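K.L.:
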Amino acid sequence: MDAAVDDLSHARYAEEGGFHAHACFSAQQAAEKAVKAVHYARGARAVLGHSVRNLIERLDPRVPSLDELLDDARELDLHYIPTRYPNGLEAWTPATGFGPRQAAAAIAGASAILTAARRHSSSV
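Whatever position you read off the sequence shown (first residue = 1), add 311 for our numbering.
1) Please determine, among P393, C335, H431 and H333, the residue with the shortest C-alpha to C-alpha distance to D378.
2) Distance, Cα to Cα, L370 vs A322?
3) Could you spell out the range, first to last residue, of the alpha helix (DSSP H) harbouring D388?
4) For the alpha helix (DSSP H) containing T407, name the first residue and the last one.
5) With the cut-off set at 9 Å, would you say I424 and V358 are in Cβ contact?
6) With a cut-off of 8 Å, do at least 3 Cβ pairs link the segment 376-395 to the segment 323-330?
7) When the Cα atoms are used, what is the spatial distance from M312 to A325?
8) I'd like to know whether the C-beta atoms of A414 and A315 end up nearer to each other than 9 Å.
9) Consult DSSP for N398 and reduce its assignment to one of helix, strand or coil.
10) Nearest by alpha-carbon distance to V349: which of P375, A338 and A334 is it?
11) For P411 and Y391, I'd like the C-alpha separation in whole angstroms.
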């Protein structure tokens, strides 16, 4: 969970500096790592994949407080590739394709997922 907290802090720092694509990617990473922490807290040995939504849906038993955030997870998944690669968006680079609105929404979604995940991963 510590890595998720660090990534969320980095997302906020990037947002404050105007690096919105980086903020979006770090928010996605924070959410991904937070949900993986739940898997590991439940005894998983290896958790593969990068889709936050898919990672939430693979939890068994399901975590209702994370299920409620599947829309946030879906939005965060959209930031995994195009925030990092100049050819991820046809008409823009990451720096021009992501702005303050996207960064704020990504950070809010990741914060909610991290808060919910933290309640189910206290040992990680």
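Where is the CB? At the ideal position from N, CA and C, for every residue including glycine. Bear in mind that the values here come from a model prediction, so they are computed numbers and not experimental data.
P.N.:
On the basis of the coordinates in this document:
1) Residue H431 is the option with its Cα nearest to D378.
2) L370 and A322 have their alpha carbons spaced roughly 25 Å apart.
3) Run containing D388: L381 to D388, per the alpha helix (DSSP H) assignment.
4) Annotation: the continuous alpha helix (DSSP H) that includes T407 extends over P405 to G408.
5) The beta carbons of I424 and V358 sit no closer together than 9 Å.
6) Using a C-beta cut-off of 8 Å, the segment 376-395 makes no contact with the segment 323-330, since fewer than three inter-stretch Cβ pairs fall below that distance.
7) Using only the alpha carbons, I get a separation of about 20 Å.
8) No, the Cβ-Cβ distance between A414 and A315 is not below 9 Å.
9) For N398, the three-state secondary structure derived from DSSP is coil.
10) Selected option, being the one with the closest Cα: P375.
11) Going by the C-alpha atoms only, they are around 17 Å apart.
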